[in-house]
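Throughout the sequence shown, residue numbering follows the working numbering, covering 248 to 593 in sequence.
Glycine included, C-beta positions come from ideal geometry on N, C-alpha and C.
Below is one structure, written out as C-alpha coordinates, with a few remarks after it.
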Amino acid sequence: MNCYKFLLIALPLAMILSCSSDDDSEFEQPEKKSYPIMMTATERPLADPDAPKGAPGRAPKVTTSTLDEFKVFWFDENSNTFERTGVLMIKDGNIWSGEESWPEYYAFDYPDKDLHFYAYNISGDVANMSPEGFGDKGDAAITVKIMEASEQQTDLLAGKNVVSYNKCNGVIPMTFDHISAAVKVNILKTKSLEGYTVDVREVVLHHIVNQGDYYFEQGEKGTWSLYNDKSEYYSSYTILAHKDGASTGDQNSEIEVETSPKQLNKDGDYLFLIPQKLTGWDKSSSLSNSYIEIKCKIYNKGSQPDANYQSVYLPLSAELKMGYINTLNISMGTALRDKDGNKIFQ
248 MNCYKFLLIA LPLAMILSCS SDDDSEFEQP EKKSYPIMMT ATERPLADPD
298 APKGAPGRAP KVTTSTLDEF KVFWFDENSN TFERTGVLMI KDGNIWSGEE
348 SWPEYYAFDY PDKDLHFYAY NISGDVANMS PEGFGDKGDA AITVKIMEAS
398 EQQTDLLAGK NVVSYNKCNG VIPMTFDHIS AAVKVNILKT KSLEGYTVDV
448 REVVLHHIVN QGDYYFEQGE KGTWSLYNDK SEYYSSYTIL AHKDGASTGD
498 QNSEIEVETS PKQLNKDGDY LFLIPQKLTG WDKSSSLSNS YIEIKCKIYN
548 KGSQPDANYQ SVYLPLSAEL KMGYINTLNI SMGTALRDKD GNKIFQ
(Lines of atoms letter the chains of each structure in order from A and count residues from 1; the text may use other names and numbers.)
(Lines give C-alpha, C1' and ligand atoms only; values in the text may rest on other atoms or scores of the structure.)
Protein backbone atom coordinates (compact mmCIF):
# COMPACT_ATOMS: atom_id res chain seq x y z
CA MET A 1 0.00 0.00 0.00
CA ASN A 2 2.91 2.39 0.78
CA CYS A 3 4.28 1.86 -2.71
CA TYR A 4 1.07 3.13 -4.33
CA LYS A 5 1.01 6.20 -2.00
CA PHE A 6 4.57 7.02 -3.04
CA LEU A 7 3.66 6.98 -6.72
CA LEU A 8 0.65 9.22 -6.20
CA ILE A 9 2.81 11.80 -4.45
CA ALA A 10 5.71 11.54 -6.88
CA LEU A 11 3.63 11.99 -10.04
CA PRO A 12 2.73 15.69 -9.65
CA LEU A 13 6.36 16.46 -8.85
CA ALA A 14 7.51 14.84 -12.07
CA MET A 15 4.95 16.85 -14.03
CA ILE A 16 6.19 20.15 -12.51
CA LEU A 17 9.77 19.29 -13.39
CA SER A 18 8.90 18.48 -16.99
CA CYS A 19 6.96 21.78 -17.41
CA SER A 20 9.87 23.89 -16.12
CA SER A 21 12.34 22.43 -18.61
CA ASP A 22 12.97 23.11 -22.27
CA ASP A 23 13.83 19.42 -22.82
CA ASP A 24 11.24 16.88 -23.96
CA SER A 25 10.72 14.43 -21.12
CA GLU A 26 8.03 12.21 -19.72
CA PHE A 27 7.50 10.33 -16.51
CA GLU A 28 8.03 6.54 -16.95
CA GLN A 29 6.11 4.06 -14.82
CA PRO A 30 8.41 1.45 -13.27
CA GLU A 31 8.20 -1.87 -15.13
CA LYS A 32 6.93 -4.97 -13.39
CA LYS A 33 9.67 -7.52 -12.98
CA SER A 34 9.34 -10.98 -14.53
CA TYR A 35 9.35 -13.91 -12.11
CA PRO A 36 10.19 -17.23 -13.81
CA ILE A 37 8.39 -20.41 -12.82
CA MET A 38 10.68 -22.20 -10.35
CA MET A 39 10.23 -25.51 -8.53
CA THR A 40 11.73 -28.01 -6.14
CA ALA A 41 11.10 -31.70 -6.89
CA THR A 42 10.71 -34.71 -4.61
CA GLU A 43 9.03 -38.09 -5.14
CA ARG A 44 7.20 -40.90 -3.44
CA PRO A 45 9.14 -44.10 -4.30
CA LEU A 46 7.73 -47.14 -6.04
CA ALA A 47 6.16 -49.59 -3.59
CA ASP A 48 7.59 -53.10 -3.64
CA PRO A 49 5.24 -55.54 -1.90
CA ASP A 50 7.84 -58.32 -2.23
CA ALA A 51 10.55 -56.44 -0.36
CA PRO A 52 11.26 -57.47 3.24
CA LYS A 53 9.06 -55.60 5.69
CA GLY A 54 10.50 -52.18 6.39
CA ALA A 55 12.90 -52.32 3.43
CA PRO A 56 12.71 -49.60 0.76
CA GLY A 57 11.45 -50.37 -2.72
CA ARG A 58 14.04 -51.35 -5.32
CA ALA A 59 15.48 -48.58 -7.45
CA PRO A 60 13.17 -47.43 -10.26
CA LYS A 61 14.52 -46.26 -13.62
CA VAL A 62 13.63 -42.61 -12.99
CA THR A 63 13.85 -40.64 -9.76
CA THR A 64 13.92 -36.89 -9.20
CA SER A 65 17.69 -37.20 -8.66
CA THR A 66 18.18 -38.80 -12.11
CA LEU A 67 15.52 -36.75 -13.89
CA ASP A 68 16.96 -34.45 -16.58
CA GLU A 69 13.86 -32.40 -17.34
CA PHE A 70 10.10 -32.32 -16.97
CA LYS A 71 7.17 -30.22 -18.17
CA VAL A 72 4.61 -28.11 -16.34
CA PHE A 73 1.23 -26.61 -17.15
CA TRP A 74 -1.32 -24.89 -14.93
CA PHE A 75 -4.99 -24.09 -14.50
CA ASP A 76 -5.99 -20.47 -14.07
CA GLU A 77 -9.19 -20.20 -11.97
CA ASN A 78 -9.41 -16.47 -12.72
CA SER A 79 -9.97 -17.05 -16.46
CA ASN A 80 -11.06 -20.68 -16.08
CA THR A 81 -8.45 -21.75 -18.65
CA PHE A 82 -5.33 -23.90 -18.93
CA GLU A 83 -1.84 -22.82 -19.91
CA ARG A 84 -1.42 -25.72 -22.32
CA THR A 85 2.00 -25.46 -23.90
CA GLY A 86 3.91 -27.55 -21.36
CA VAL A 87 6.68 -25.39 -19.90
CA LEU A 88 10.04 -27.16 -19.96
CA MET A 89 11.76 -27.25 -16.56
CA ILE A 90 15.57 -27.57 -16.40
CA LYS A 91 17.54 -28.37 -13.25
CA ASP A 92 19.93 -25.77 -11.82
CA GLY A 93 21.38 -27.10 -8.59
CA ASN A 94 18.46 -27.98 -6.33
CA ILE A 95 16.03 -25.69 -8.16
CA TRP A 96 14.17 -26.31 -11.42
CA SER A 97 13.67 -23.26 -13.64
CA GLY A 98 11.20 -22.78 -16.48
CA GLU A 99 11.17 -20.80 -19.70
CA GLU A 100 7.93 -19.06 -18.71
CA SER A 101 7.10 -16.57 -15.95
CA TRP A 102 4.38 -16.61 -13.33
CA PRO A 103 1.12 -15.28 -14.76
CA GLU A 104 1.03 -11.55 -14.02
CA TYR A 105 -2.39 -11.77 -12.38
CA TYR A 106 -1.04 -14.21 -9.75
CA ALA A 107 2.45 -12.80 -9.22
CA PHE A 108 1.56 -9.10 -8.99
CA ASP A 109 -2.15 -8.38 -8.71
CA TYR A 110 -3.23 -11.24 -6.44
CA PRO A 111 -0.10 -12.98 -5.08
CA ASP A 112 -2.15 -14.76 -2.39
CA LYS A 113 -4.50 -16.38 -4.91
CA ASP A 114 -3.88 -20.08 -5.63
CA LEU A 115 -2.83 -21.48 -9.00
CA HIS A 116 -3.10 -25.20 -9.92
CA PHE A 117 0.20 -26.64 -11.22
CA TYR A 118 0.66 -30.00 -12.99
CA ALA A 119 4.00 -31.62 -13.84
CA TYR A 120 5.07 -34.70 -15.80
CA ASN A 121 8.33 -36.21 -17.07
CA ILE A 122 7.02 -37.72 -20.29
CA SER A 123 8.15 -36.76 -23.78
CA GLY A 124 7.56 -38.12 -27.26
CA ASP A 125 4.06 -39.52 -27.83
CA VAL A 126 2.37 -37.29 -25.27
CA ALA A 127 -0.28 -34.60 -25.67
CA ASN A 128 -1.79 -32.28 -23.12
CA MET A 129 -5.48 -33.16 -23.17
CA SER A 130 -6.73 -30.02 -21.46
CA PRO A 131 -9.79 -28.63 -23.25
CA GLU A 132 -9.59 -25.82 -25.76
CA GLY A 133 -10.23 -22.49 -24.06
CA PHE A 134 -12.57 -22.86 -21.12
CA GLY A 135 -12.67 -25.97 -19.01
CA ASP A 136 -12.37 -27.19 -15.46
CA LYS A 137 -9.33 -28.27 -13.47
CA GLY A 138 -10.82 -31.78 -13.41
CA ASP A 139 -9.96 -31.95 -17.11
CA ALA A 140 -6.22 -31.67 -16.40
CA ALA A 141 -4.77 -34.71 -18.17
CA ILE A 142 -1.97 -36.05 -20.34
CA THR A 143 -2.21 -38.77 -22.97
CA VAL A 144 0.46 -41.46 -22.78
CA LYS A 145 1.41 -44.16 -25.27
CA ILE A 146 3.83 -46.89 -24.14
CA MET A 147 6.02 -47.89 -27.08
CA GLU A 148 6.99 -51.53 -27.68
CA ALA A 149 10.71 -50.83 -28.17
CA SER A 150 12.47 -51.04 -24.80
CA GLU A 151 14.71 -48.03 -25.56
CA GLN A 152 11.58 -45.87 -25.93
CA GLN A 153 10.07 -46.91 -22.61
CA THR A 154 10.51 -45.03 -19.37
CA ASP A 155 9.20 -44.76 -15.87
CA LEU A 156 6.40 -42.19 -15.70
CA LEU A 157 6.31 -39.45 -13.05
CA ALA A 158 3.53 -36.92 -12.47
CA GLY A 159 2.73 -34.43 -9.73
CA LYS A 160 0.38 -31.61 -8.82
CA ASN A 161 0.23 -28.73 -6.34
CA VAL A 162 -2.12 -25.86 -5.54
CA VAL A 163 -0.18 -22.85 -4.27
CA SER A 164 -0.03 -19.05 -4.39
CA TYR A 165 3.02 -16.99 -5.24
CA ASN A 166 3.36 -15.63 -1.71
CA LYS A 167 2.76 -19.01 -0.08
CA CYS A 168 5.79 -20.56 -1.80
CA ASN A 169 7.87 -17.38 -2.30
CA GLY A 170 7.81 -18.07 -6.02
CA VAL A 171 9.38 -21.56 -5.74
CA ILE A 172 6.71 -24.26 -6.12
CA PRO A 173 7.27 -27.52 -4.21
CA MET A 174 6.31 -30.42 -6.47
CA THR A 175 6.00 -34.02 -5.26
CA PHE A 176 5.94 -36.65 -8.01
CA ASP A 177 4.22 -40.03 -7.97
CA HIS A 178 5.15 -43.00 -10.14
CA ILE A 179 2.06 -43.33 -12.30
CA SER A 180 3.00 -46.41 -14.33
CA ALA A 181 3.01 -50.05 -13.26
CA ALA A 182 6.54 -51.46 -13.00
CA VAL A 183 6.75 -55.16 -13.91
CA LYS A 184 9.37 -57.74 -13.04
CA VAL A 185 9.22 -61.45 -13.90
CA ASN A 186 10.11 -64.48 -11.79
CA ILE A 187 10.14 -67.83 -13.53
CA LEU A 188 10.41 -71.45 -12.35
CA LYS A 189 9.59 -74.96 -13.50
CA THR A 190 7.30 -77.26 -11.55
CA LYS A 191 8.31 -80.71 -10.32
CA SER A 192 6.51 -82.21 -13.31
CA LEU A 193 9.41 -80.96 -15.49
CA GLU A 194 12.24 -82.10 -13.21
CA GLY A 195 13.40 -84.55 -15.88
CA TYR A 196 13.76 -81.73 -18.42
CA THR A 197 16.21 -78.90 -18.95
CA VAL A 198 14.37 -75.64 -19.59
CA ASP A 199 16.26 -72.69 -21.08
CA VAL A 200 14.38 -69.39 -21.47
CA ARG A 201 15.48 -66.55 -23.72
CA GLU A 202 12.57 -64.13 -23.38
CA VAL A 203 9.02 -63.63 -22.17
CA VAL A 204 6.48 -61.63 -24.20
CA LEU A 205 3.34 -60.16 -22.64
CA HIS A 206 0.60 -59.96 -25.29
CA HIS A 207 -2.60 -57.92 -25.61
CA ILE A 208 -1.66 -55.10 -23.22
CA VAL A 209 -3.38 -51.72 -23.50
CA ASN A 210 -0.71 -49.29 -24.68
CA GLN A 211 -2.46 -45.91 -24.43
CA GLY A 212 -4.53 -43.93 -21.97
CA ASP A 213 -5.30 -40.56 -20.41
CA TYR A 214 -3.91 -39.83 -16.96
CA TYR A 215 -6.16 -37.39 -15.03
CA PHE A 216 -4.31 -35.46 -12.33
CA GLU A 217 -7.34 -34.41 -10.28
CA GLN A 218 -9.29 -37.68 -10.18
CA GLY A 219 -8.56 -39.79 -7.11
CA GLU A 220 -5.91 -39.20 -4.47
CA LYS A 221 -3.00 -39.78 -6.86
CA GLY A 222 -4.77 -39.43 -10.21
CA THR A 223 -6.50 -42.08 -12.30
CA TRP A 224 -6.15 -43.64 -15.74
CA SER A 225 -8.76 -43.85 -18.48
CA LEU A 226 -7.69 -46.57 -20.94
CA TYR A 227 -8.02 -46.63 -24.72
CA ASN A 228 -9.23 -50.19 -25.35
CA ASP A 229 -11.83 -50.07 -28.12
CA LYS A 230 -9.49 -50.60 -31.09
CA SER A 231 -6.83 -53.19 -31.90
CA GLU A 232 -4.26 -50.40 -32.41
CA TYR A 233 -4.46 -49.63 -28.69
CA TYR A 234 -2.93 -53.00 -27.77
CA SER A 235 0.75 -53.98 -27.83
CA SER A 236 3.12 -56.80 -26.93
CA TYR A 237 6.04 -56.19 -24.59
CA THR A 238 9.22 -58.27 -24.40
CA ILE A 239 11.36 -58.97 -21.34
CA LEU A 240 14.75 -60.46 -22.24
CA ALA A 241 16.52 -62.94 -20.00
CA HIS A 242 19.28 -61.46 -17.89
CA LYS A 243 22.35 -63.57 -17.08
CA ASP A 244 24.20 -63.02 -13.83
CA GLY A 245 26.93 -60.44 -14.35
CA ALA A 246 25.37 -58.91 -17.46
CA SER A 247 24.26 -55.27 -17.33
CA THR A 248 20.96 -56.07 -18.98
CA GLY A 249 19.13 -58.72 -20.98
CA ASP A 250 19.91 -59.24 -24.66
CA GLN A 251 18.97 -61.51 -27.55
CA ASN A 252 21.94 -63.81 -26.84
CA SER A 253 21.12 -64.37 -23.17
CA GLU A 254 19.19 -67.26 -21.72
CA ILE A 255 18.70 -68.63 -18.24
CA GLU A 256 18.21 -72.20 -17.14
CA VAL A 257 14.96 -72.41 -15.22
CA GLU A 258 15.06 -74.27 -11.91
CA THR A 259 12.38 -75.41 -9.46
CA SER A 260 13.12 -72.33 -7.34
CA PRO A 261 12.17 -68.92 -8.80
CA LYS A 262 14.69 -66.94 -10.85
CA GLN A 263 14.25 -63.31 -11.76
CA LEU A 264 14.24 -62.94 -15.54
CA ASN A 265 14.98 -59.23 -15.78
CA LYS A 266 17.78 -57.45 -13.94
CA ASP A 267 16.78 -55.96 -10.59
CA GLY A 268 15.76 -52.35 -11.20
CA ASP A 269 15.45 -52.91 -14.96
CA TYR A 270 11.68 -53.06 -15.06
CA LEU A 271 9.06 -53.00 -17.75
CA PHE A 272 6.87 -49.90 -17.25
CA LEU A 273 3.26 -50.27 -18.42
CA ILE A 274 -0.02 -48.39 -18.11
CA PRO A 275 -1.86 -49.66 -14.98
CA GLN A 276 -4.69 -52.01 -15.94
CA LYS A 277 -6.54 -55.22 -15.17
CA LEU A 278 -5.76 -58.09 -17.55
CA THR A 279 -8.25 -60.79 -18.51
CA GLY A 280 -6.44 -64.01 -19.40
CA TRP A 281 -6.81 -66.27 -22.43
CA ASP A 282 -9.19 -69.15 -21.62
CA LYS A 283 -6.94 -71.83 -23.26
CA SER A 284 -9.93 -73.46 -24.95
CA SER A 285 -9.15 -72.12 -28.41
CA SER A 286 -6.60 -70.05 -30.33
CA LEU A 287 -4.92 -67.15 -28.56
CA SER A 288 -7.10 -64.28 -27.35
CA ASN A 289 -7.27 -61.73 -24.52
CA SER A 290 -4.02 -61.42 -22.54
CA TYR A 291 -1.44 -64.17 -22.59
CA ILE A 292 2.24 -64.94 -21.96
CA GLU A 293 4.54 -66.23 -24.69
CA ILE A 294 7.72 -67.94 -23.44
CA LYS A 295 10.49 -68.43 -25.99
CA CYS A 296 12.45 -71.40 -24.73
CA LYS A 297 14.09 -74.78 -25.26
CA ILE A 298 12.69 -77.78 -23.37
CA TYR A 299 14.63 -81.02 -23.72
CA ASN A 300 15.46 -84.19 -21.79
CA LYS A 301 18.29 -83.77 -19.31
CA GLY A 302 21.59 -84.99 -20.75
CA SER A 303 20.48 -84.62 -24.38
CA GLN A 304 21.39 -81.94 -26.88
CA PRO A 305 18.86 -79.12 -27.32
CA ASP A 306 17.42 -78.17 -30.66
CA ALA A 307 19.05 -75.12 -32.22
CA ASN A 308 15.75 -73.24 -32.45
CA TYR A 309 13.62 -71.80 -29.67
CA GLN A 310 9.98 -72.76 -29.45
CA SER A 311 7.11 -70.64 -28.17
CA VAL A 312 4.85 -71.93 -25.43
CA TYR A 313 1.89 -70.07 -23.96
CA LEU A 314 0.07 -69.41 -20.70
CA PRO A 315 -2.90 -67.15 -19.79
CA LEU A 316 -2.12 -63.77 -18.25
CA SER A 317 -4.62 -62.71 -15.60
CA ALA A 318 -3.32 -59.92 -13.40
CA GLU A 319 -3.93 -56.45 -12.04
CA LEU A 320 -1.05 -54.10 -12.80
CA LYS A 321 -1.16 -51.49 -10.04
CA MET A 322 -0.05 -47.88 -10.40
CA GLY A 323 3.02 -46.95 -8.37
CA TYR A 324 3.90 -50.57 -7.55
CA ILE A 325 6.54 -53.04 -8.62
CA ASN A 326 4.23 -55.77 -9.87
CA THR A 327 5.78 -59.24 -9.77
CA LEU A 328 4.69 -61.71 -12.43
CA ASN A 329 5.39 -65.28 -11.22
CA ILE A 330 5.47 -67.77 -14.12
CA SER A 331 5.34 -71.50 -13.40
CA MET A 332 6.34 -73.72 -16.32
CA GLY A 333 4.81 -77.17 -16.09
CA THR A 334 2.61 -79.61 -17.95
CA ALA A 335 -0.08 -76.91 -18.35
CA LEU A 336 1.97 -75.20 -21.09
CA ARG A 337 0.05 -74.82 -24.38
CA ASP A 338 0.73 -74.19 -28.03
CA LYS A 339 -0.90 -71.26 -29.86
CA ASP A 340 -4.04 -73.32 -30.60
CA GLY A 341 -4.62 -74.18 -26.95
CA ASN A 342 -3.26 -77.74 -27.15
CA LYS A 343 -1.17 -79.06 -24.26
CA ILE A 344 2.54 -79.42 -25.00
CA PHE A 345 2.78 -82.36 -22.60
CA GLN A 346 -0.02 -84.94 -22.94
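Enumerate in chain order the residues of its own chain whose CB-to-CB distance from Ser533 is below 8 Å, with the five nearest sequence positions on each side excluded. The residues are Lys586, Asp587 and Gly588.
Going by C-alpha to C-alpha distance, which of Ser344, Phe329, Asn327 and Thr581 sits closest to Leu335? Distance check between Leu335 and each of Ser344, Phe329, Asn327 and Thr581 places Ser344 closest, using alpha-carbon atoms only.
With a threshold of 7 Å on Cβ separation, who are the neighbours of Phe322 within its own chain once the five nearest residues in sequence on each side are excluded? A distance below 7 Å between beta-carbons, with the five flanking residues on each side excluded, links Phe322 to the following residues of its chain, in chain order: Phe329, His363, Lys384 and Ala387.
Opening and closing residue of the beta strand (DSSP E) in which Tyr443 lies: Start and end: Tyr443 to Val456.
For Ser507 and His454, what's the separation of their Cα atoms in angstroms? About 28 Å.
Using 8 Å as the threshold, is the segment 444-451 in touch with the segment 536-548, meaning 3 or more CB pairs across them? A contact exists between the segment 444-451 and the segment 536-548.
Spatial distance of Asp339 from Tyr560 (CA atoms): C-alpha separation (whole angstroms): 49 Å.
CA-CA distance, Val309 and Ala554? Whole-angstrom Cα-Cα distance: 38 Å.
Distance between Pro292 and Thr313 (C-alpha atoms, nearest Å): For Thr313 and Pro292, the distance between alpha carbons rounds to 13 Å.
Is the segment 423-441 in contact with the segment 515-522, if contact means three or more CB pairs nearer than 8 Å? Segments in contact, yes.
Exposure of Ser472, with buried meaning 16 or more beta-carbon neighbours within 10 Å: Exposed is the call here.
Any idea what DSSP makes of Leu601, helix, strand or coil? The structure shown does not extend to residue 601, since the chain is modelled only from 248 to 593, so the question has no answer here.
Do the segment 456-474 and the segment 386-405 touch if we need at least three Cβ pairs shorter than 8 Å? Below 8 Å, enough C-beta pairs join the segment 456-474 and the segment 386-405 to call them touching: three or more.
7 Å Cβ cutoff met for Leu583 and Ile572: Annotated as distal: Leu583 and Ile572, with beta-carbon spacing of 7 Å or more.
Asn413, enclosing alpha helix (DSSP H) - first and last residue: Asn413 -> alpha helix (DSSP H) spans Tyr412 to Cys415.
Taking only beta-carbon positions, decide if Pro292 is within less than 7 Å of chain B. In the displayed structure, chain B is absent; only one protein chain is listed.
Residue from Asp356, Tyr282, Leu575 and Asp476 with nearest C-alpha to Gly417: Ranking the options by Cα distance to Gly417, first place goes to Tyr282.
Should Asn368 be labelled buried (16 or more other beta-carbon atoms within 10 Å of its own) or exposed? It counts as buried.
Based on Cα-Cα distance, which residue from Asn325, Ile419, Lys490 and Val456 lies nearest to Asp476? Comparing alpha-carbon positions, the option among Asn325, Ile419, Lys490 and Val456 lying closest to Asp476 turns out to be Val456.
Trp528 vs Tyr538 beta-carbon contact at 7 Å: In contact: Trp528 and Tyr538 (Cβ atoms closer than 7 Å).
By alpha-carbon positions, which one of Lys568, Val504 and Glu347 ends up nearest to Tyr542? Note on residue identity: the sequence assigns Lys, not Tyr, to residue 542. Closest by alpha carbon: Val504.
Secondary structure of Lys513, DSSP reduced to three states: The answer is coil: DSSP assigns Lys513 none of H, G, I, E or B.
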